[in-house]
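Using the numbering used here, read the sequence shown as starting at 1 and increasing by one per residue.
Using N, Cα and C, we set each Cβ at its ideal position, and we do this for glycine too.
For reference, the structure is listed below as structure tokens.
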Amino acid sequence: MAVIARSGQRAGAVVVRAFPWRFLVVPLAMTALAVGSAAVAELAYSSRALPGLTVAGVAVGSLEAPALRERLESEIAAPWAAAGVTLRDGDREWTTTNGALGIVPDVDAAVAAALAYGKSGSALDRAGAWIDALRGDANVSFAMRARGDALVAFVASVARDANQAPVSGELALAGGDLRITPPQLGREIDGGVTVARLLSATTLGDREVALSVRAVYPPLDASGFDDAYATAAAALTPLVVRVEDRGWSESASALASLVVIDRIVARPGELPALPAEAIAPAVRYRYVVSLSGARLDSWVSALGAVLDHPAKNAKFRVRDEDVLAVVPSESGVRVDQAKLRALLGVELLRPAGGATREVAAPAGVDAPALTTEKALALVPQLSRTSTFTTQYPPSDVRHANISTGSSQFDGVVIMPGETFSFWDLLGPVTPDRGYRYAGAIINGRSDENVIGGGLCQVSTTIFNAISRQGYEIVERHAHGYYIDRYPLGLDAAVFMPGNDFRWRNDTASPVFLWSLNGDTSLTIDLWGIPTGRTVSFSDAVQWNRVPAGRERRGP
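What follows is the structure in structure tokens.
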């Protein structure tokens, strides 16, 4: 096997090269020189400030303590006292001087800090400090101190001027109106931070310092007020409730009667957390706006009474020779009060989106209890089961009242289980409906000037007609004294308000009334299916009877 070797080398020989020590000698020598120089420099400047060092912009490099102190006092302390200080809070400011505040440079601390700069820490830290000083980048801040109590007194005076107490939100209803006091944050000067800022200066000339202010939160701030206020305002938005072509309007003051406003303690997590730097109240509150359930129920019931278009039962008319005719029934519309209550309970507490809120009331068809078809089927079964007639003295006004009143009941069907109410069926007693002023018994005495006087004759005649068929009497009242227009003890006095005449159809068949008016008489016929009952009347009992010569004149 042949081995090719470079010239000067023997084949198969091992060549060993020497380490290049000459390349390390120079760096090591330079490092040793630098370390030695640094040690010499540190020793030389052990009692002096590093070269190039400044204190608050004043060059103090290479100075020892006495010279350093003299320079700082001449170039900083003297002009410092005359420099102006402006304490600013937005557009407001308070102006004074360092001297008036008793703020003086802490020369002792500045001298100590300047002499200590770059002389502690690791070798690398010290070297970096030297480099910064030599480059002119080393600057020691000038500490200040307060002499006397002028600084604290000045900050306290500014606080009295700038502090503002918080305002707790108020939300209430008064006289149908929403009364509010919007919440406002308070402001309180942070005296400690403000003093610290005044003692921290970055310039020897005039300076401006920002006032340190902390927000003070009231017990009821915007987070517990705004939503409730918006809800209350929404609930008081004027309202129109409609069913088909009928509507009912409610004003804000009327709606206010439904609204309940409660001020409650806010539980943890119910309100947003306050900023960490803010001053919090001991207890936080919030408002809750709701609707009174009982008042809402009553209101919805009243709305139903206004907006309902009740169905009309078929009615009967008595023609000549007692021939019955049927007046057709009519379907109506009835508000679903349960659904309307649920709807309004939610809708009233929502933003209205306008000056007026409009709600369509849920409603359904109101079917008549007695349809035309049922009435026609009953005609062959109906007959006059009872009749009664009462008399009265001639009187145009009394005749007008009796004939007008009795006609309101003509053909009205009282269904099985239904209760007849004189006042409910009669309607308003007003001049525009044909009623006149006539005599009546009021509080046990005759009064000749009562609108609708004589209507007791209608109720009494009806009572005598229906009682003979044994129908259940629910409510009946006697007159204050007897008059001879009805059988003794068999009267039914009515007066609004307070005295009604009511009876219940306690049979399985419908019945209706029909009136016949003479010049001085009233006849009430009762039509239906005979009850088969036998009715008897006990003898009437009289008391407090006045002798004939002193008899009072009846109405």
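Query	Result
Can you tell me the Cα-Cα spacing of V450 and Y481, whole angstroms?	17 Å
Hey, how far is the Cα of A375 from the Cα of F316?	8 Å
Leaving aside the five residues before and after D525 along the sequence, list all residues of the same chain whose C-beta is less than 6 Å from its C-beta, in chain order.	R384, T387 and W514
Please work out which residues of its chain come closer than 8 Å, Cβ to Cβ, to L258, disregarding the five sequence neighbours upstream and downstream, and give them in chain order.	A235, L291, S292, R295, L296, W299 and L348
Can you give me the start and stop residues for the alpha helix (DSSP H) that F225 sits inside?	A222 to A235
For I4, name the three-state secondary structure that DSSP assigns.	Any answer about I4 is weak, because its pLDDT of 25 lies below 50 and its placement is not dependable; what the coordinates show is given next. I4: coil per DSSP, three-state reduction.
Let me know the secondary structure DSSP gives R286 once reduced to three states.	strand
Please state the DSSP three-state secondary structure of T460.	helix
Using C-beta distances below 8 Å, list every residue in its chain close to R207, excluding the 5 sequence neighbours before and after it, in chain order.	A83, G84, V85, T86 and A201
What distance in whole Å lies between the Cβ atoms of H479 and A465, which are believed to be in contact at a cut-off of 8 Å?	Not quite, the Cβ-Cβ distance comes to about 18 Å (not below 8 Å), so this is no contact.
Measure the alpha-carbon distance for E93 versus I131 and round it to whole angstroms.	42 Å
According to DSSP, what are the bridge partners of F388?	I524
Are the Cβ atoms of P238 and A165 separated by less than 9 Å?	no
Give the DSSP-derived three-state secondary structure of E42 in the structure shown.	helix
Can you list, in chain order, the residues of its chain whose CB lies under 6 Å from that of T95, leaving out five sequence neighbours each side?	T86
Alpha helix (DSSP H) containing T372: first to last residue?	T372 to L378
Closer than 7 Å by C-beta to P79: which residues in its own chain qualify, once you throw out the five before and the five after it? Chain order, please.	L204
Using the Cα positions of D519 and T461, report the straight-line distance between them to the nearest angstrom.	16 Å
N139: which of W248, R48, A59 and S509 sits nearest, CA to CA?	A59
Look at the alpha carbon of P331 and the alpha carbon of L307, and state the distance between them as a whole number of angstroms.	In the sequence as presented, Pro is not what sits at residue 331; that position holds Ser. Computed Cα separation, rounded: 15 Å.
Three or more C-beta pairs closer than 8 Å, one from the stretch 416-424 and one from the stretch 488-504: is that the case here?	yes
Just to confirm my understanding: we take L63, look at its own chain, exclude 5 residues before and 5 after, and list those with CB closer than 7 Å. What are they?	R48, A49 and R71
Could you check what DSSP says for W80 in three-state terms: helix, strand or coil?	helix
Quick one: is L28 buried, meaning 16 or more other Cβ sit within 10 Å of its Cβ, or exposed?	Reliability fails at L28, whose pLDDT of 45 lies under 50, so the model's placement of it is uncertain and no value is given.
Taking the alpha-carbon of D106 as reference, which of M144, D91, V243 and D137 has the nearest alpha-carbon?	M144
My output table needs one value for G12: the three-state DSSP class, helix, strand or coil.	With a pLDDT of 41 at G12, under the threshold of 50, the modelled position of this residue cannot be trusted; read the value that follows with caution. Correct three-state label for G12: coil.
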